[in-house]
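Each residue of the sequence shown is one higher than the one before, starting from 0 at the first, in numbering that gives the first Met the number 0. Glycine is no exception: its CB is placed at the ideal position from the N, C-alpha and C atoms. Data block below; observations after.
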Amino acid sequence: MGRRGARLRRLQGGRRPRGRKQHAGGSGIPRTAAGGVSMFAYVLLALDGSRIAAAAIPAALEMSNQFQAPLVILRVVRPREPSDGRLGLAGPDLRREYDSRRSQAEGYLESLKQGLESLAPRVEVLVKDGDPAAVILETARQLESPLIVMTARGKSSSRKRVALGDVARTVLEGAAGPVLLVGDHARDRLADEALSGSLAAGSAG
0 MGRRGARLRR
10 LQGGRRPRGR
20 KQHAGGSGIP
30 RTAAGGVSMF
40 AYVLLALDGS
50 RIAAAAIPAA
60 LEMSNQFQAP
70 LVILRVVRPR
80 EPSDGRLGLA
90 GPDLRREYDS
100 RRSQAEGYLE
110 SLKQGLESLA
120 PRVEVLVKDG
130 DPAAVILETA
140 RQLESPLIVM
150 TARGKSSSRK
160 RVALGDVART
170 VLEGAAGPVL
180 LVGDHARDRL
190 ADEALSGSLA
200 AGSAG
């Protein structure tokens, strides 16, 4: 797996990646269908578990196949602050609430991975803690500037008069490599197709 495999193992805490093996070629360098060298070593897809974010899945798959680059799907779980009075939780209850959200995120990504493995050269999933924008940028740095794919707005963005959500804006301004943003114009349709298609593929396998 070479350098790319080592990078993924570092991101996954030393574990060997569980995705399908990349096509054998000896060099470890992603190549296009025409045999040329790929422009991107990875495609990094940032999701938050919502239908809104799922609209970016088709674009990420297209880029992964076009450049024969592994698709790395990232979900960031933001820890709740003890001072967040809206939750009415503290101490052990706050920890259990966080553990539940992380477990849901892991289950969501594993189901998604099963549905997408036959549709991309290789699929890996990562669940990380922290501020979403900061974690996306740090993961991209560790992957040495992959193509980042995400929606212009996530589930936490206001639906009124906001063309670009805070997370997308921060990633767009801070990324060292290219960022592909999926806008609102086809968001709901793409989200439905992505979720139904990937889950159907997973159940068929």
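Note to self: Based on DSSP bridge pairs, tell me the residues matched to A45.
What the structure shows: Along the sequence shown, one-based indexing puts residue 45 at 46. The secondary-structure analysis by DSSP pairs A45 across a beta bridge with L73.
Next item on the list: Would you please state the rounded distance, in angstroms, between the beta carbons of A167 and L146? I believe it to be under 8 Å.
Entry: Translated into positions along the sequence shown, residue 167 becomes position 168. Translated into positions along the sequence shown, residue 146 becomes position 147. Going by Cβ atoms, the distance from A167 to L146 rounds to 15 Å, so no, they are not a contact pair.
Notebook entry, point to check: Looking only at its own chain, which residues have a Cβ that is under 7 Å from the Cβ of E109, when we skip the five neighbours before and after it?
Noted result: To locate residue 109, count along the sequence shown from 1; it is residue 110. Here the set comprises V124.
Notebook entry, point to check: Hey, out of A133, V42 and Q141, whose CA is closest to E172's CA?
Noted result: Looking up residue 172 in the sequence shown gives position 173. Looking at the Cα atoms, A133 is the closest of the given residues.
Notebook entry, point to check: Between the Cα of A58 and the Cα atoms of G176, T150, L111 and A175, which residue gives the shortest distance?
Noted result: Residue 58 sits at position 59 when you count from the first residue of the sequence shown. A58 has its Cα closest to that of T150, out of G176, T150, L111 and A175.
Check: What beta strand (DSSP E) runs, 3 residues minimum, are completely inside the region 85-137?
Finding: Counting only runs of 3 or more residues that sit fully inside the region 85-137, the beta strand (DSSP E) segments are 122-128, in chain order.
Notebook entry, point to check: What separation, rounded to the nearest whole angstrom, lies between the Cα atoms of Q21 and N64?
Noted result: As a working note, residue 21 is residue 22 in the sequence shown. As a working note, residue 64 is residue 65 in the sequence shown. Residue placement at Q21 cannot be trusted, given a pLDDT of 33 that sits under 50; what the coordinates show is reported in the next sentence. Those two C-alpha atoms are separated by around 12 Å.
Note to self: With a threshold of 8 Å between beta-carbons, can P78 be considered close to chain D, or not?
What the structure shows: In the displayed structure, chain D is absent; only one protein chain is listed.
Check: Does the beta-carbon of R95 have 16 or more other beta-carbons within 10 angstroms, so that it is buried, or is it exposed?
Finding: For the purposes of this step, residue 95 is taken as residue 96 along the sequence shown, with counting starting at 1. Looking at its Cβ environment, which holds fewer than 16 other Cβ atoms inside 10 Å, R95 is exposed.
Next item on the list: Just the C-alpha distance for L93 and A52, rounded to the nearest angstrom, thanks.
Entry: Position 94 of the sequence shown, counted from the start, is the residue given in the question as residue 93. Position 53 of the sequence shown, counted from the start, is the residue given in the question as residue 52. So the two alpha carbons sit approximately 26 Å from each other.
Note to self: Which residue wins for smallest C-alpha separation from E105, given the options L115, G48 and A174?
What the structure shows: Indexing the sequence shown from 1 puts residue 105 at position 106. Ranking L115, G48 and A174 by Cα distance to E105 puts G48 first.
Next item on the list: Kindly indicate which residue of K112, S102, T169 and Y41 has the alpha-carbon position closest to the one of Q67.
Entry: For this step, residue 67 is matched to residue 68 along the sequence shown. That would be Y41, whose Cα lies nearest to the Cα of Q67.
Checklist line | One or two residues paired with M149 in a DSSP bridge | finding: Locating residue 149 in the sequence shown gives position 150, counting from the first residue. L180, per the DSSP bridge assignment.
Notebook entry, point to check: When you compare only the Cα positions, how much space is there between L136 and I72?
Noted result: Position 137 of the sequence shown, counted from the first residue, corresponds to residue 136. Position 73 of the sequence shown, counted from the first residue, corresponds to residue 72. Approximately 13 Å between the Cα atoms of the pair.
Margin query: Could you tell me the alpha carbon to alpha carbon distance between D98 and R77, rounded to whole angstroms?
Written below: For the purposes of this step, residue 98 is taken as residue 99 along the sequence shown, with counting starting at 1. For the purposes of this step, residue 77 is taken as residue 78 along the sequence shown, with counting starting at 1. One C-alpha to the other measures close to 11 Å.
Notebook entry, point to check: Would you call G182 buried or exposed, if buried means 16 or more other Cβ atoms sit within 10 Å of its Cβ?
Noted result: Counting from 1 along the sequence shown, the entry for residue 182 is found at position 183. Only exposed fits G182, as fewer than 16 other CB atoms lie within 10 angstroms of its CB.
Item checked: Same chain, Cβ closer than 6 Å to Y107, neighbours up to 5 away in sequence not counted -> As a position in the sequence shown, residue 107 is number 108, starting the count at 1. If we look at Y107 and ignore the five residues flanking it on each side, its Cβ neighbours are G48.
Next item on the list: Measure the C-alpha to C-alpha separation of R74 and L44 and round it to an integer number of angstroms.
Entry: Counting from one through the sequence shown, the residue named residue 74 turns up at place 75. Counting from one through the sequence shown, the residue named residue 44 turns up at place 45. Answer to the nearest angstrom: the Cα atoms are 9 Å apart.
Next item on the list: Would you tell me roughly how many angstroms separate the C-alpha atoms of V148 and R79, rounded to the nearest one?
Entry: On the sequence shown, position 149 is the one that residue 148 refers to. On the sequence shown, position 80 is the one that residue 79 refers to. Distance between V148 and R79, taken at the CA atoms: about 26 Å.
Item checked: Buried or exposed (CB count within 10 angstroms, at least 16 for buried), A175 -> The count along the sequence shown starts at 1 and reaches residue 175 at position 176. Its Cβ having fewer than 16 others within 10 Å, A175 is exposed.
Next item on the list: In the DSSP assignment, find the alpha helix (DSSP H) that holds A59 and state where it starts and stops.
Entry: One-based indexing of the sequence shown puts residue 59 at position 60. The continuous alpha helix (DSSP H) containing A59 extends over residues I56 to Q65.
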